[in-house]
Amino acid sequence: MKLLEYEGKALLARHGVPVAAGALWPQVPESGSGWMVKAQVLAGSRGKHGGILVANSRQDVERCAGKLRGTRLGDEPVHAVYVEQKLEIEQEYYLAALVNRDLGRVTVMASPAGGVEIEQVPESQIFSVDIDPLIGLADFQVQSLKRSLGFRDTTATLFEDVVRKIVETLIGEDAELVEVNPLVRTGEGRLIAADAKVVLDDDAVFRHPARSVPIAWSTDSSFMQRCRELGVIGVDNRSRVPPPTRPTVSLLGNGAGLTMATYDQVALSGVSVAGAIELHGALAKGVAHTAEVMRALFMLEADVVFINAFYQLRSTDALAQALLQALDSPGAPGRERVVVRMRGVKQEASQQMLEAAGCFYTPSLSAATGRVLALAR
Amino acid sequence: MTILVGSNSRILIQGITGQTGRLFAEKMVAGGTPIVGGVTPGKGGSRVADVPVFDSVREAVAATGADAVLSCIAPAYIVDGLYEVVGAGIALAVLYIENIPVHDAIRMCAYAKARGTRVLGPNSAGAVSPGRANMSDLNDVNLRAGRVGIVSKSGTLTYEVIEELHRHGLGESTVVCLGGDRVIGTNYVEVLRLFEDDPDTDLVVLVGEPGGGLEYAAAAQAAKMRTPVIAYITGQGSPRDARMGHAGAVVGDDERSRPQNKMQAFSSAGIEVAALVTDIGAMVAHRLRRATHELRWKNERRQP
Numbered sequence: 052m053k054l055l056e057y058e059g060k061a062l063l064a065r066h067g068v069p070v071a072a073g074a075l076w077p078q079v080p081e082s083g084s085g086w087m088v089k090a091q092v093l094a095g096s097r098g099k100h101g102g103i104l105v106a107n108s109r110q111d112v113e114r115c116a117g118k119l120r121g122t123r124l125g126d127e128p129v130h131a132v133y134v135e136q137k138l139e140i141e142q143e144y145y146l147a148a149l150v151n152r153d154l155g156r157v158t159v160m161a162s163p164a165g166g167v168e169i170e171q172v173p174e175s176q177i178f179s180v181d182i183d184p185l186i187g188l189a190d191f192q193v194q195s196l197k198r199s200l201g202f203r204d205t206t207a208t209l210f211e212d213v214v215r216k217i218v219e220t221l222i223g224e225d226a227e228l229v230e231v232n233p234l235v236r237t238g239e240g241r242l243i244a245a246d247a248k249v250v251l252d253d254d255a256v257f258r259h260p261a262r263s264v265p266i267a268w269s270t271d272s273s274f275m276q277r278c279r280e281l282g283v284i285g286v287d288n289r290s291r292v293p294p295p296t297r298p299t300v301s302l303l304g305n306g307a308g309l310t311m312a313t314y315d316q317v318a319l320s321g322v323s324v325a326g327a328i329e330l331h332g333a334l335a336k337g338v339a340h341t342a343e344v345m346r347a348l349f350m351l352e353a354d355v356v357f358i359n360a361f362y363q364l365r366s367t368d369a370l371a372q373a374l375l376q377a378l379d380s381p382g383a384p385g386r387e388r389v390v391v392r393m394r395g396v397k398q399e400a401s402q403q404m405l406e407a408a409g410c411f412y413t414p415s416l417s418a419a420t421g422r423v424l425a426l427a428r
Numbered sequence: 120m121t122i123l124v125g126s127n128s129r130i131l132i133q134g135i136t137g138q139t140g141r142l143f144a145e146k147m148v149a150g151g152t153p154i155v156g157g158v159t160p161g162k163g164g165s166r167v168a169d170v171p172v173f174d175s176v177r178e179a180v181a182a183t184g185a186d187a188v189l190s191c192i193a194p195a196y197i198v199d200g201l202y203e204v205v206g207a208g209i210a211l212a213v214l215y216i217e218n219i220p221v222h223d224a225i226r227m228c229a230y231a232k233a234r235g236t237r238v239l240g241p242n243s244a245g246a247v248s249p250g251r252a253n254m255s256d257l258n259d260v261n262l263r264a265g266r267v268g269i270v271s272k273s274g275t276l277t278y279e280v281i282e283e284l285h286r287h288g289l290g291e292s293t294v295v296c297l298g299g300d301r302v303i304g305t306n307y308v309e310v311l312r313l314f315e316d317d318p319d320t321d322l323v324v325l326v327g328e329p330g331g332g333l334e335y336a337a338a339a340q341a342a343k344m345r346t347p348v349i350a351y352i353t354g355q356g357s358p359r360d361a362r363m364g365h366a367g368a369v370v371g372d373d374e375r376s377r378p379q380n381k382m383q384a385f386s387s388a389g390i391e392v393a394a395l396v397t398d399i400g401a402m403v404a405h406r407l408r409r410a411t412h413e414l415r416w417k418n419e420r421r422q423p
């Protein structure tokens, strides 16, 4: 999960990375040098979209914050406004630690060309080291980054310290990415993290029980919130599909690969997908729970409902029962709009049950896709 | 011959007395998979599905000569569990479990690699050579021995690819599921190389997905191989930043993570790419027919 700048900075500060004095508006930190008023959004390039404003007085801070709060930057809602002491910038660097999936290692990337998106920086200006997890960040690696960025004297020591602490933050907080862009060298020779982009590992939440719920979740749709409560993976695509392009399909699959492939079968044929649920083992929690998952799927209010489940060792009975229970609830779609493809142990029993109830059933993905597309067109 | 698992495998189940472990043990015994025992600390001396249970992997290896472990233990014990498997000198470990913190996966996989244990997963559906050994969650009745290899991250999507092959009268040599997590123990290139050296594999279906960039090295490897490869990348329609179930399968800001760019990499390398999963069977059948013709044509020219 992505964190907002101020949430990320709180984690950095906890690991000893220097950040500017800041507070969530309406609180305003002390400053003798003016303030930066920053929209808290989950996407980058805020500056370009007018999400960062400079204020020279407290009245100015109020004016800027009033302008930013509750608005949108591009597609992104502004979740909060963060006010920081303005820094006197001598140079901007780039520094990040991240999980390098292809190598299966943590990589530290640094560049003397900070303050712009790293994708815009020529490769010759980007320096990186990969950390062997059996050894950890080695001193020679820190030294090589320091030399590559041209740090000397006391700032060099500060830089070494920041590199180590960024890696500590990444691993200690179970993050996938800790990006500081820019890392600012001030006129007084200090190094300060002027921005922070942190992405946490969803699978390590249990190790950090004291962490509060990320603020960004509060703007999720009720469908997404319901999926989270039920322990299934929800994808809500409604805000990305322009409203008049109806009819739409909602789909439910078991397993990520099959759910994505089913999504493609529909979406690549030019029919809009309102959203999807990946069951993520929900069937093991019983019929009543799975029926709740089906009801969550109906919250997408799509015109066609596509169920595609493929089990190897499990019977599909419970899934069929759950679907029929949910279809009996008020507000459920008509059965003629439901297409079911189920494979599993004793699938014939599920077929009989579903067909007797008036749902379309087929064991073939091609046939199911054909039916869904015909209904949606 | 097949790869990774076969008639000569000697398989252990770690966590054999748990619900999942017991299910796998019964399935393996019923299907004729060469399972030699299981491990659960404190349950040594008992039996599950009529195979012996040991207190430690080391004891199990000493008693049975086991060389492969299917790990079915709870997430809280998985890191320690893999260290034990590696320490006992096991050649292949399948980590069925998912939702392992990524920094744990990094450490585990690095340790296993350094000590010579090949890891499939985390979040792997396993490996199976039909009719010889089934170290996966696939049902033996849904498998058919044949000459097509499959390497995929996903489990459920692999079921679909197998069904596609069967629709066209084809079967599988070995099916290998790498796992859907962000950091996994074995990559496509390693498995492609094994298939290339396998005389019983005529063609490989490679299934990729959004996220990361392991498919790019796979495309370069496939281009070098005599064994033909057909690639399919799922998640082409997946919305940006949506986690579709696999921790790893996210179309991110990184251009390399996008399925379309991965497909392009395979096309540029001269590898055929299927647009939909339901296209795969026909493409494989067609490619194999062409390969047979080419071979016959070559042989005829050689012996006029």
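Respectively, the protein sequence lines represent chains A and R.
Okay, so the first sequence: first residue is 52 according to the working numbering, each after it adds one.
Okay, so the second sequence: first residue is 120 according to the working numbering, each after it adds one.
Glycine residues also receive a C-beta, built at the ideal position from the N, C-alpha and C atoms.
Small disclaimer: the values here were computed from a predicted structure and weren't measured.
Residues sharing a beta bridge with residue i, DSSP
| i | result |
| --- | --- |
| Y230/R | DSSP output for Y230/R lists no bridge partner at all. |
| K60/A | BP columns for K60/A are empty, so no partner. |
| E291/R | V267/R |
| L242/A | R236/A |
| L124/A | E127/A |
| N253/R | V247/R |
| M147/R | DSSP, once it has assigned bridges, lists no residue as partnering M147/R. |
| T270/A | For T270/A, which the question treats as bridged, DSSP gives no partner whatsoever. |
| P171/R | R166/R |
| V70/A | A244/A |
| A161/A | L146/A, F178/A |
Range covered by the beta strand (DSSP E) that runs through residue i
| i | result |
| --- | --- |
| V323/R | 322-327 |
| A212/R | 211-214 |
| F178/A | 178-182 |
| T346/R | T346/R -> no beta strand (DSSP E), and no H or E assigned at all. |
| G157/R | 154-158 |
| A425/A | From DSSP, A425/A is part of no beta strand (DSSP E) but of the alpha helix (DSSP H) over 416-427. |
Simplified DSSP state of residue i, which is helix, strand or coil
| i | result |
| --- | --- |
| D253/A | helix |
| Q363/A | strand |
| R388/A | helix |
| I390/R | coil |
| R277/A | helix |
| V193/A | helix |
| N151/A | strand |
| P423/R | In this predicted model, P423/R has a pLDDT of only 49, less than 50, meaning its place in the structure is not dependable; the value taken from the coordinates is given anyway. Three-state result, P423/R: coil. |
| L142/R | helix |
| L201/R | helix |
| D368/A | helix |
| W76/A | coil |
| I186/A | coil |
| T426/R | Because chain R spans 120 through 423 in this model, residue 426/R falls outside it and cannot be assessed. |
| I217/A | helix |
| I225/R | helix |
| S108/A | coil |
| G330/R | coil |
| L189/R | strand |
Run of the alpha helix (DSSP H) containing residue i, from where it starts to where it stops
| i | result |
| --- | --- |
| R263/R | Run containing R263/R: none; DSSP gives neither H nor E here. |
| L405/A | 398-407 |
| G201/A | Run containing G201/A: none; DSSP gives neither H nor E here. |
| V308/R | 307-315 |
Nearest candidate by alpha-carbon position, reference residue i, set the options
| i | options | result |
| --- | --- | --- |
| D253/A | E217/R, L131/R, A193/R, A207/R | E217/R |
| P77/A | A407/A, V132/A, R262/A, I284/A | V132/A |
| L154/A | Q383/R, V323/R, V308/R, K381/R | V308/R |
| K118/A | N107/A, I103/A, G125/A, E127/A | I103/A |
| A350/R | D300/R, R362/R, T275/R, V270/R | V270/R |
| D186/R | A244/R, D259/R, I154/R | I154/R |
| G382/A | A327/A, A369/A, M345/A, T367/A | M345/A |
| L75/A | A94/A, E113/A, S96/A | E113/A |
| C191/R | A410/R, H285/R, G389/R, G240/R | G240/R |
| Q340/R | T320/R, I390/R, T293/R, C296/R | I390/R |
| N242/R | S386/R, G299/R, R266/R | G299/R |
is_contact[residue i, chain B] using C-beta, thresh 7 Å
| i | result |
| --- | --- |
| H285/R | Absence of chain B from the displayed structure is noted, the protein chains being A and R. |
Task: Contiguous alpha helix (DSSP H) assignments of at least 4 residues, all confined to the region 300-345 of chain A - done: For secondary structure counted as the alpha helix (DSSP H) over 4 or more consecutive residues, the region 300-345 of chain A holds these complete runs in sequence order: 307-318.
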